Amino acid sequence: RTRPTALIGVSAQPATFTKEVCGLMAEMAARPVIMALSNPTSRAECTAEQAYRWTKGRCVFASGSPMPGVTLEDGTRLEAGQGNNAYIFPGVGLGSIAAGSRTIDDGAFLVAARALALMVDEKALARGSVYPPLSSIRNISLEIAIQVAEHFHAVGAATAARP
-8 RTRPTALIGV SAQPATFTKE VCGLMAEMAA RPVIMALSNP TSRAECTAEQ AYRWTKGRCV
52 FASGSPMPGV TLEDGTRLEA GQGNNAYIFP GVGLGSIAAG SRTIDDGAFL VAARALALMV
112 DEKALARGSV YPPLSSIRNI SLEIAIQVAE HFHAVGAATA ARP
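By my numbering, the letter at position 79 of the sequence shown is numbered 70, and the numbering carries on one by one without gaps.
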């Protein structure tokens, strides 16, 4: 029997992740992943507040637009992560320029995604966030750029010398 653990919405069909759907996800997974990624917020499949309340705070939530955090009845504060290209593209661009790469391969984006994932600490995950704080974007971009530049050197795509 299939037991999904994640919902990823990119359809721009608002309110498609209903209380029933999110509740079923919470029955099938201890920490269901719910990503309502459609933009703008008015087109999102559900809100952070809905997802958190309907799963009793157990879901890991990400949205495509900024959404406020939610305080549950027991006082637990959960922060909605925003899946935004601002996390990846500055670092990929800087890493490409620093390495002198003339092309950007798929591997560079995988390296960037892994680097970003490693910057999410246990505290953020406990708050239900799958992204580091956007307030740290400069440090995030720098770390991604370093990893991407290293990737280009490793695959022979770099034309600039290592610093």
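From the three backbone atoms N, C-alpha and C, an ideal C-beta is built for every residue, glycine too.
Because the structure is a prediction, the values reported are computed rather than measured.
Check, Outcome
"Using the rule of at least 16 other Cβ atoms within 10 Å of the residue's Cβ for burial, across every protein chain shown, is MET19 buried or exposed?", "exposed"
"Check whether the region 24 to 40 and the region 87 to 95 touch, using three or more Cβ-Cβ pairs below 8 Å as the test.", "no"
"Beta carbon of GLY74, beta carbon of ALA136: below 9 Å?", "no"
"With DSSP run on the structure shown, which of helix, strand or coil describes VAL61?", "strand"
"Spatial neighbours of LEU125 within its chain, please: CB distance less than 6 Å, with the 5 preceding and 5 following residues excluded, ordered by chain position.", "none"
"Is the beta carbon of THR38 less than 9 Å from the beta carbon of SER54?", "yes"
"Given ARG34, which residues of its chain have a CB within under 7 Å of its CB, disregarding the five upstream and five downstream residues?", "ALA3 and PRO5"
"Comparing alpha-carbon positions, which option in VAL139, VAL51, ALA71 and LYS47 lies nearest THR(-4)?", "VAL51"
"Hey, quick one: how far does the beta strand (DSSP E) through PHE52 stretch, first residue to last?", "51 to 54"
"Check the C-beta distance from GLY0 over to GLU36 and give it rounded, since I have them as a contact under 8 Å.", "3 Å"
"What does a CB cutoff of less than 7 Å around VAL102 pick up in its chain, not counting 5 residues either side in sequence?", "GLN138, VAL139 and HIS142"
"Could you check if ALA145 is buried or exposed, using at least 16 other CB atoms within 10 Å of its CB as the buried criterion?", "exposed"
"Between LEU133 and chain B, is the shortest Cβ-Cβ distance under 9 Å, so that the two count as touching?", "Absent from the structure is chain B; it holds one protein chain and no more."
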